[in-house]
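Everything on this sheet refers to the single structure shown next.
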Ligand code: URA
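Below you can see the structure in the form of C-alpha cells.
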C-alpha cells in the first residue's frame with residue numbers, strides 16, 4: 001500500500017497509547033486525540049512544498065522559507081469523534097477552510113450509512129483536502145464522506161487522517177479513490193462483528209464525549 005503513511009513519531013506513540021488505554025478518562029482521551037491531530041498535521045507539512053524567501057535579521061540577510069499552500073488546505077470534520085482531532089490540526093493548519101459532515105454507520109451485514117448534515121466548502125483544483133475521522137474501520141463511512149466531498153469539486157490531493165486504520169478499511173476507500181493518501185498512527189489487525197477495530201480504542205465518540213445515554 002504505497003500511499004499509506006504510518007506516523008510513528010515517539011510522541012504519536014505515547015499519545016496513541018494513552019488513547020487506547022481503557023483507564024484513560026474522557027478529558028484525557030480528548031486531549032490525546034487533540035495532540036494526535038496536532039502532531040499528524042505537523043508531520044504532514046513535510047509533504048507540502050516550501051517557498052524560498054529572504055529574511056532580514058537585525059544583523060543581515062538570511063535565506064528563509066514558508067509553507068506553500070497552507071491556505072489551500074480544506075479539512076473535512078466527520079462528526080463527532082473528529083472534533084478534538086481537528087481542533088489539534090488547526091494548530092498547524094491555521095488557515096484551513098473546514099467542512100462538516102455527520103455520517104453514521106448502521107449495523108452489519110450491510111453497514112448502511114446515514115448522512116444527515118453536510119456543509120462542505122467549494123473544493124478548488126489546487127486544494128489539499130484532509131478528511132479527518134479518528135477510526136478508519138470498515139471504510140464504509142469514509143467512502144460515503146469522500147463521495148459527498150467529490151460533489152463539491154476534485155482537489156489536487158485527497159488525504160485521509162485517522163488515528164487507527166485497518167487494511168480492509170483502506171482498501172474499501174481506495175476502491176472509490178485510488179489516488180487518495182492515507183495517514184494514520186497505527187494499522188490494527190482486526191474488526192469485530194460490529195465493525196469495531198480490535199484492539200483499537202473502543203468507540204472514539206463515546207470515549208471523547210460520553211455514551212449517548
Ligand atoms: N468507530 C469507533 O469509534 N471505533 C471503532 O473501533 C470503529 C469505528
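In our numbering, the protein residues as written are 1 to 213. A virtual CB, placed ideally from N, CA and C, is assigned to each residue, including glycine.
Exercise. Count the CB pairs spanning the stretch 158-177 and the stretch 97-110 that are closer than 8 Å, and state whether there are at least three.
Key: no
Quiz prompt | Cutoff 7 Å: residue 17 Cβ touching any chain E Cβ | solution = Given the protein chain composition of this structure (a single chain), no chain E is represented.
Quiz item: Under 7 Å, do residue 76 and residue 167 count as touching if we go by C-beta distance?
Solution: Residue numbering aside, residue 76 sits at position 76 when the chain shown is read from its first letter. Residue numbering aside, residue 167 sits at position 167 when the chain shown is read from its first letter. No.
Quiz item: Below 7 Å between beta carbons: does that hold for residue 83 and residue 137?
Solution: Your numbering for residue 83 matches position 83 in the chain shown. Your numbering for residue 137 matches position 137 in the chain shown. In this structure, residue 137 does not lie closer than 7 Å to residue 83 by Cβ.
Quiz prompt | Buried/exposed call for residue 39, threshold 16 Cβ in 10 Å | solution = Position 39 of the chain shown, counted from the first residue, corresponds to residue 39. Buried: at least 16 other Cβ atoms inside 10 Å.
Quiz item: Taking the continuous beta strand (DSSP E) assigned at residue 74, which residues delimit it?
Solution: Walking along the chain shown from the start, residue 74 turns up at place 74. 73-79 is the extent of the beta strand (DSSP E) around residue 74.
Quiz item: What do you reckon, is the C-beta of residue 197 under 6 Å from a heavy atom of the ligand URA?
Solution: As a position in the chain shown, residue 197 is number 197, starting the count at 1. Under cutoff, so the answer is yes.
Exercise. Report yes or no: do three or more beta-carbon pairs, one from the stretch 96-104 and one from the stretch 54-68, lie closer than 8 Å?
Key: no
Self-check item: Separation of residue 64 from residue 170, as counted between CA atoms
Solution: Numbered from 1 along the chain shown, position 170 holds the residue referred to as residue 170. Numbered from 1 along the chain shown, position 64 holds the residue referred to as residue 64. Roughly 38 Å separates the two Cα atoms.
Self-check item: Euclidean distance between Cα positions of residue 190 and residue 135
Solution: By 1-based counting over the chain shown, the position of residue 190 is 190. By 1-based counting over the chain shown, the position of residue 135 is 135. Their backbone Cα atoms lie some 13 Å apart in a straight line.
Exercise. Spell out the partners DSSP gives residue 63 in its beta bridges.
Key: Within the chain shown, residue 63 is the residue found at index 63, counting from 1. Beta-bridge pairing links residue 63 to 54.
Quiz item: Based on Cα-Cα distance, which residue from 128, 8, 80, 176 lies nearest to residue 147?
Solution: For the purposes of this step, residue 147 is taken as residue 147 along the chain shown, with counting starting at 1. Nearest option by C-alpha distance: 176.
Self-check item: Opposing strand residues paired with residue 131 [DSSP bridges]
Solution: Residue mapping note: residue 131 aligns to position 131 of the chain shown, counting from 1. Answer is 76, 160, bridged to residue 131.
Quiz item: Roughly how many whole angstroms lie between the Cα atoms of residue 48 and residue 70?
Solution: As a working note, residue 48 is residue 48 in the chain shown. As a working note, residue 70 is residue 70 in the chain shown. Each residue's Cα considered, the two are about 8 Å apart.
Exercise. Give every residue of the same chain whose Cβ lies closer than 8 Å to the Cβ of residue 72, excluding the five residues on either side of it in the sequence, and list them in chain order.
Key: As a position in the chain shown, residue 72 is number 72, starting the count at 1. Within the same chain, residue 72 has close Cβ partners 124, 126, 127, 128, 156.
Quiz item: For the candidate residues 37, 119, 46, 99, whose alpha-carbon lies nearest to that of residue 90?
Solution: Residue numbering aside, residue 90 sits at position 90 when the chain shown is read from its first letter. Comparing Cα-Cα distances from residue 90 to each of 37, 119, 46, 99, the minimum goes to 37.
Self-check item: Beta-carbon proximity list for residue 29, same chain, < 7 Å, skipping 5 on both sides
Solution: By one-based count along the chain shown, residue 29 stands at place 29. So the list reads 19, 207, 208, once near-sequence residues are dropped.
Quiz item: Just the Cα atoms here: how many angstroms apart are residue 174 and residue 58?
Solution: Along the chain shown, one-based indexing puts residue 174 at 174. Along the chain shown, one-based indexing puts residue 58 at 58. So the alpha carbons of these two residues sit roughly 51 Å apart.
Self-check item: residue 11 Cβ short of 6 Å to the ligand URA heavy atom set
Solution: To locate residue 11, count along the chain shown from 1; it is residue 11. No, the beta carbon of residue 11 sits no closer than 6 Å to any heavy atom of the ligand URA.
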